[in-house]
Every structure is written in C-alpha cells, then in structure tokens.
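Okay, structure first, notes after.
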Amino acid sequence: KPTLVVGAGQAGSMLIRQMLKSDEMKLEPVLAVDDDEHKRNITITEGVKVQGKIADIPELVRKYKIKKIIIAIPTIGQERLKEINNICHMDGVELLKMPNIEDVMSGELEVNQLKKVEVEDLLGRDPVELDMDMISNELTNKTIL
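Here it is as structure tokens:
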C-alpha cells in the first residue's frame, strides 16, 4: 500500500529501510515529509524523497494516492498528531505510528511493529477506566431523571 512517512530523521530512515526490505509489512514507502528545512528534497534511501512538510500532507495524499501514513517522530506533540489524524479521517487514510526509538534500539521491539494511533494518543493522557460493576450497583433500583 502506498505509504507516507512523517519524519525523515533516524527513526524515519530506519523505518523506510525496513519497509523496503520486508515483504511482510506490505507497505510501499512513496515519500516522506519533515518540517526541518534542511531535510527538504533529500533522498532517504532507494528513491524515497522528503517532498514537503506536515502542512503539505493533504495535497501529497491525493497526488500519490496514499493509503497509510506512519508517524516516525518519537517526540511529536499532541497537537501535531491531532492535525495529522484529522487529515487521515478526511481522506480515509490509516494512521499508524512506529514504536519508540529507544525500544527499537534496545531490541525490545522491532521497527516494523507499528500500532494504530488510538484516542489515548490524541488525548495525551491515560484512559479513564470505569468500574461498571460499582456504577451498576449504585444505580440499580434508582430513579434516574
């Protein structure tokens, strides 16, 4: 599937190389974007170039018929993540993120162990777990208006 990688640093380069080597991933890295001016128009590996910045994603998604976007910036902020998530929802693109670079370097995770961006990632906090049994007990036989 045609894939756009957000981030052309060490993590993004490692991910793109892995995508090109791995038949299991079934991903075709088409291009990358990065907000760092110095990385603009560089070729990362085997013809995969940095072709713009994050703000250019909507145009690039349509131009290259991108099906997946992978976040390869370990320190990406919640606002940027939300912005990219909104773009993905509008264009029907699946948003994934790679594991933390520390986990990859330590051997704990592989670079190709991508995960879907979840609501918790966008909130920037742990999810609230409700105690449904306690709530049920409190509300049983009560009138609720």
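Numbering (the working numbering), first residue to last: 365 to 509. The beta carbon of each residue, even a glycine, is placed where N, CA and C say it ideally should be. Model, not experiment: these values are computed from the prediction.
| field | A436 - containing alpha helix (DSSP H), residue span | value | Neither: A436 is in no alpha helix (DSSP H) and is coded neither H nor E.
| Between K480, L503 and C452, which lies nearest to I418 when the distance is taken from Cα to Cα? | C452
| said: At the level of alpha carbons, what is the spacing between P463 and T439? | reply: Cα to Cα, P463 sits roughly 11 Å from T439.
| field | Rounded distance between the beta-carbons of L424 and V397, thought under 8 Å | value | 7 Å
| message | Please list the terminal residues of the continuous beta strand (DSSP E) segment that includes K390. | response | No beta strand (DSSP E) contains K390, which DSSP labels as neither H nor E.
| With C-beta atoms as the reference, is V412 less than 8 Å away from I380? | yes
| task | Would you kindly work out how many angstroms separate the C-alpha atoms of E410 and T367, rounded to a whole number? | result | 15 Å
| DSSP state of P463, grouped into three classes? | When DSSP states are grouped into helix, strand and coil, P463 belongs to the coil group.
| Opposing strand residues paired with L370 [DSSP bridges] | Per the sequence presented here, residue 370 reads as Val, with Leu not at that position. Under DSSP, V370 shares a beta bridge with V397 and I435.
| query | CA-CA distance, M496 and K479? | reply | 28 Å
| message | Considering just the uninterrupted stretch of the alpha helix (DSSP H) at V425, what are its terminal residues? | response | I421 to Y428
| query | So what does DSSP say about E443, is it helix, strand or coil? | reply | helix
| Given that a residue counts as buried once 16 or more other Cβ atoms are within 10 Å of its Cβ, and exposed if not, what is I421? | buried
| field | Per-residue burial, K365 [other beta carbons within 10 Å of its own, 16 or more giving buried] | value | exposed
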